[in-house]
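Right, one structure below, let's go through it.
In the working numbering, the protein residues as written are -17 to 1113.
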C-alpha cells in the first residue's frame, strides 16, 4: 500500500487528486523512480500532470532512504503537511496556531555543557516535529527552544483544530517520555502550549535572503502566544473558538476569563487534559442537544427491514454512503433510537483520519474499551481484563487472549507469550480471532455492528471487513458501514450487501430542519432563503449556518418570530465548516488560482469568461477545469468552448473565494468586469447587475453605480419593483464613495427621481420613505437649478401629501407644479401638473375646477406620444385624468359621460401593459362603480385588482381593492363582505394612506345602516367627519351628512330633528359644491323625511327642482329612486 510519504509528495506537488489511483496500484516510495510516461497514463494522469510528475520523479534518487537518517525536519517529514508553494501570495484563512515553548531552558543552558544543551534541544524539537507531522501540522518558525505551528496552512485538513490539540497532547507525552529516558533531575524538561483559532492573512514571503519567512497577520498568533505564557509547565491551554470546534472530543477544565496582555477584554480559556474515549466521531463532534430527525423515512425503513432479516438469522450488510455532513451518523443514531426497546448488542468501529496506516486501529480501540483497559493498568491487570472479556464473549481460548494481547502491545506476563508463528500467520490468526469474537457475540444476541467512516480504514481492517462480510449470512448481525462517495468498496456485488446513498434534503425538509433549530420560531424570509441557498440540502451545513445566524446577534426574538436588527449582508462560512471546505479547495494545488477566479465570477461561470480572466494557456485551463470536475468540486454542462461550470456546493465556492485577500480580490473583480464589458456586451445588457457587482467588489464605485442604476431601471420597466429598489439602494449607498461635487449631486438626483416610481409602488404613496426621497431630490434640484427634476420632486411630494390626507398642502404643491411647468413650457410636465391640480381640487370638493384641469390634461395628452409617462410617475397621467374626470362627471350629474370615459381609461391601461397603472385603473374605477351602486361590476374589477396587486406586491392597491371587494360582496348579501371591508381598511391604514378614507367609512356606515347596526354606523360617520375636518378631504362631505341623518332617523324618534338638520346640511353642501348627484341623494332623503312629517309641498318642491336639473333621457339608480319618491309625493 502507498505510504504517507507518497501522499505528502503528491500533495506537495498539488496533485493530491491522484492519491487514490496511486494507492490502489500500490505505488510506494521506492517504486516512484521507476514510473514512466506509460505507467502514469495507465494511472489516469492527465498529460500536463504527467509531465509535471516526470520532472519531479527525475529529482528523486532511487536509492535514497531519507528515513534512515533519523527524524526529519517538518518541511520534509513524511507525515508533515507539505511546504507552501514558492510564491509571494498571501491568503485569508481560518488558522489554528499552536505556540510551544520549553520551560526553564535558559536556566538549563547555564547548568549544562553547550553541546549537551544543544543535544537536548535538538531531541526535543525533533520529537515535537514528528508529533506535529503526524497530524499534518506545519512548523512555520523555530524560535530557540520553541516553535510556531500552523494547522490549516499551507493545506487545510478536515478537523484541523482537533489535529492541533492532538498534536499538543502528543508533544506533552513526548516530553514525559524524554524525562523517563533521561531520569537525571538536571535534564528534566517541561513544555507549555497555547492554541488559538481564528481568521488570519498568511503566506506572504517577507525578509531578505536566508531571513525570509512567511508572514502571518491577525490576532490569532498573539492569542496563542499569550495562552502559552498563561499555561503552567506541561499544560495545554486553548481559546474559546478552539474549544467550540473540537466539541466533546477532549477532557477540559475551565480556567475562566483571564486578562491577557494586548487584549482589551478578558478571554475565556480552558486547559486540555486528554482525549476522550468516544465510540463515534458524531458523538464527540456534537453538543448534548440534537436537532429533530428530518426526512429519511424511506431510508430508515430500509435499515429496519435489513435489521429484521438479521435478527431472523440472515445476516445483512448495508453500505451507507454520502458526502460529509449529509446525515449518515445521524441516520445510525436514529436507527439505534428506534431499537431502544429491543434486546440486542451494539459494537462500533470508529475509523480515524490520523490512523489510516495503523493496522487494525478500530479493532484495537474497540478491544481496549470493551475490556476496560486504562493507561494506569499494569500488564498483569490488562491481561486479567482481557481474560474476563474473552470469558464474557464465550471464547475463553488461550491463543485468542495471546493474539489480542499481542495486538494491544501488552508485554511482561509469561502466561501469554507471543505465539511462535510467522508474522503472516499471526495476522491471519488475529483476524480470525476477531471474526470469531464477533460471531460469538452475535450467537448470544442480535448484533448491530457499526463501522463509521470506512474511507479512513487501514488495509488490514479492510481485510477484516471482507472476512466478516463473507461469513455474515450465518450470523444474527447487521453490519452498518458509512463511507463517503470517493470510497470504492469491493463488496458491492454481494447479494446480502445493500448500498444506500443519502441524497441532499429537499427544500421543504431543509426548512423543517431550520425550524427545528429555531424552536419553531420563524426566521426572516431573507435569512431563511440565504441559509437554504447556501446549505444546498446538506444537514450539517443547514445546522451550522442556522446556529451561526442565531448566535450572531443579527436577530431579535419575540414569542413567535425572529426579526433582523438591520440589513442582511450575507452569511459568513461558520468556523466549524472552514477546514472541511478548505480541504477540498487545497487539494487542487497550483490550479487553485483558477478555481478562485471561477469562484469570484460566481457559482456558475462559463469557460469563455474564465479564459478571459485568468493568466493561463488554453491547455492549462482545460486541464485545470477537467481536474475540478474530476474532483467532484464542480459540474460541467456542455463542451468547451461553450461549457458552463457549476460549483457543486455554494459553500465550497465561498470557501475558495474567501481565501483571496482584499487587494488581489479587488484586482480579480476588476479583470472580470473589464472582460464582461469588452467581450460580453449582450450579457451585460441583459444582466447589468452582474457587472455592477464586480465593479463594486473591485472598489470602482463610479462604474458600479452606473450599472446598478441600469439594473434598477430595467427592473422598474419590468415592474420588478422590489428588485429595482434593491438595486437603487446599492447605487445610492455607493455614491458616498464618490467625491462630492456637482457630478455626484446630479447622479444622486437622477437616482432619487427614478427610484420614486418603484418606491411609490412597493411602499405606498404615503410612506415616509417617499417624503424623504423627494425632499432630498427637491433640495438637490434647487441647489443646481434643475427645473425638470425640481418639478418631478414636487410631484412626488404632492402625491405623498395627497394620499397621506393633507389635501390642502397637496393643492399648494400642485399649483406650484403647474406654475413651474407653465414657465418651463414642458408639455409632459403640464399634463401631469393639470392632472395633479385637478385631483387636488376633486378631493377638496371643488368639482368645477377639478373638471377644468382634468379636461386640460386630457386634451394635452396624446397616447401615441406620451406612452412613457407611466414609468416616472407610477401610473399614466392620461388614464388618471380620465378616471378622475369620470368621477367628477358623475358627481356633477353629467352621468352619460361616465361610462365612455371609464371604458376608455381601462382599455388604455390594459394596452399599456404596466401593472401598477392597471391596478390603479381597476381600483379607481371600482370607486366609481361603487358610487353608482353597481356591485357586480365592482366585484369584477376588484377581483382582478387583488390578483395583480398580490402578484406584484402592491400593498396600497391590494388594500384599496380589498375594501371595495368587501363592499361589493356585502351589497350582494354575502356575510364575508363586511369582514373583508374592515380588513382592507386596516391594511390601508398600515400603509399610512388616508386618501378616500371618508368615502370608505361612508361605505361602511351604509352597510351598518342596512344591518341596523346604528351605533357602529354613527361611529364610522363620526370618524369620517373628523378626517374631513382635519385633512380637508371634503368631496364626500355631503354624503356623510346625509348618511348621518339616515342613521339618526333609524336610531329613535327623538333624533328626528337632528336628522333633519343633517339632511338639510347635506343638501346645502352639495349645492355649494355644484354636486348634483349628491344634491339629488340629499333631496331624496329629505323629501322622504318631510313626507313623514307631513311637509309634502316643500318635499315635492325641493325634489322637483333638483330632478329638473338633469337632462331628459338621463337615467340611473339614484335618479330613478328620486323620481319614484316624487311620484309618491304627487299622488
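Beta carbons are placed, not taken as given, at the ideal position from N, Cα and C, and that holds for glycine.
Three-state secondary structure (DSSP) of residue i
i            : result
residue 486  : coil
residue 257  : strand
residue 81   : strand
residue 981  : helix
residue 72   : coil
residue 588  : strand
residue -12  : helix
residue 1044 : helix
residue 473  : coil
residue 64   : For residue 64, the pLDDT reaches just 49, beneath the cut-off of 50, and the residue's location in the model is therefore unreliable, leaving the point undetermined.
residue 547  : coil
residue 243  : coil
residue 949  : helix
residue 218  : strand
residue 124  : strand
residue 234  : strand
residue 277  : coil
residue 879  : helix
residue 175  : strand
residue 465  : strand
residue 939  : helix
residue 829  : helix
Length of the line joining the Cα atoms of residue i and residue j
i            : j            : result
residue 615  : residue 518  : 14 Å
residue 4    : residue 115  : 21 Å
residue 387  : residue 452  : 26 Å
residue 631  : residue 483  : 18 Å
residue 598  : residue 25   : 25 Å
residue 999  : residue 1063 : 18 Å
residue 932  : residue 962  : 15 Å
residue 367  : residue 36   : 54 Å
residue 978  : residue 922  : 21 Å
residue 11   : residue 317  : 43 Å
residue 109  : residue 459  : 44 Å
residue 964  : residue 945  : 7 Å
residue 572  : residue 137  : 12 Å
residue 409  : residue 38   : 36 Å
residue 906  : residue 308  : 54 Å
residue 283  : residue 299  : 15 Å
residue 672  : residue 666  : 7 Å
residue 449  : residue 150  : 37 Å
residue 910  : residue 995  : 25 Å
residue 1087 : residue 1007 : 28 Å
residue 644  : residue 635  : 17 Å
CB-CB length for residue i against residue j, believed under 8 Å
i           : j           : result
residue 327 : residue 427 : 5 Å
residue 338 : residue 440 : 6 Å
residue 509 : residue 546 : 7 Å
Cβ of residue i within 9 Å of any chain D Cβ
i           : result
residue 375 : Given the protein chain composition of this structure (a single chain), no chain D is represented.
Runs of alpha helix (DSSP H) wholly within the segment 367 to 424 (minimum 4 residues, chain order): Secondary structure remark: continuous alpha helix (DSSP H) runs of at least 4 residues inside the segment 367 to 424, in chain order: 380 to 389.
The segment 490 to 497 / the segment 512 to 526 touching (three or more Cβ pairs under 8 Å): The segment 490 to 497 makes contact with the segment 512 to 526, as at least three CB pairs between them are under 8 Å.
At least three beta-carbon pairs within less than 8 Å, the segment 210 to 218 to the segment 101 to 121: The answer is no - the segment 101 to 121 does not touch the segment 210 to 218, with fewer than three Cβ pairs under 8 Å.
Runs of alpha helix (DSSP H) wholly within the segment 1 to 26 (minimum 4 residues, chain order): Taking only runs of at least 4 residues, the alpha helix (DSSP H) segments lying wholly in the segment 1 to 26 are 1 to 6 and 19 to 24.
Cβ contact check for the segment 1013 to 1030 and the segment 1042 to 1062: 3 or more pairs under 8 Å: Using a C-beta cut-off of 8 Å, the segment 1013 to 1030 makes contact with the segment 1042 to 1062, since at least three inter-stretch Cβ pairs fall below that distance.
Alpha helix (DSSP H) runs contained entirely in the segment 735 to 801, provided each spans 4 or more residues: Entirely contained in the segment 735 to 801, the alpha helix (DSSP H) runs reaching 4 residues are, in chain order, 750 to 765 and 769 to 785.
Contact the segment 600 to 610 vs the segment 576 to 591: 3+ CB pairs below 8 Å: The segment 600 to 610 makes contact with the segment 576 to 591: 3 or more CB pairs, one atom from each, lie closer than 8 Å.
Sufficient close CB pairs (3 or more, under 8 Å) joining the segment 494 to 503 to the segment 331 to 351: Three or more Cβ pairs closer than 8 Å define a contact, and the segment 494 to 503 falls short of that threshold against the segment 331 to 351.
Alpha helix (DSSP H) runs contained entirely in the segment 665 to 720, provided each spans 4 or more residues: Counting only runs of 4 or more, we get 670 to 679, 683 to 699 and 703 to 717.
Segments assigned alpha helix (DSSP H), at least 4 residues, entirely inside the segment 595 to 662: When DSSP assignments are scanned along the segment 595 to 662, the uninterrupted stretches of alpha helix (DSSP H) that are 4 or more residues long and fall wholly within it turn out to be 600 to 612, 632 to 640 and 644 to 661.
The segment 548 to 567 in contact with the segment 122 to 130 per 3-pair CB rule at 8 Å: No, the segment 548 to 567 does not touch the segment 122 to 130.
Contact between the segment 223 to 235 and the segment 143 to 155 (3+ Cβ pairs under 8 Å): Contact between the segment 223 to 235 and the segment 143 to 155 is present, because at least three Cβ pairs lie under 8 Å.
Validate contact between the segment 702 to 715 and the segment 754 to 765 using beta carbons, cut 8 Å, 3 pairs: With the cut-off at 8 Å, the segment 702 to 715 and the segment 754 to 765 do not touch.
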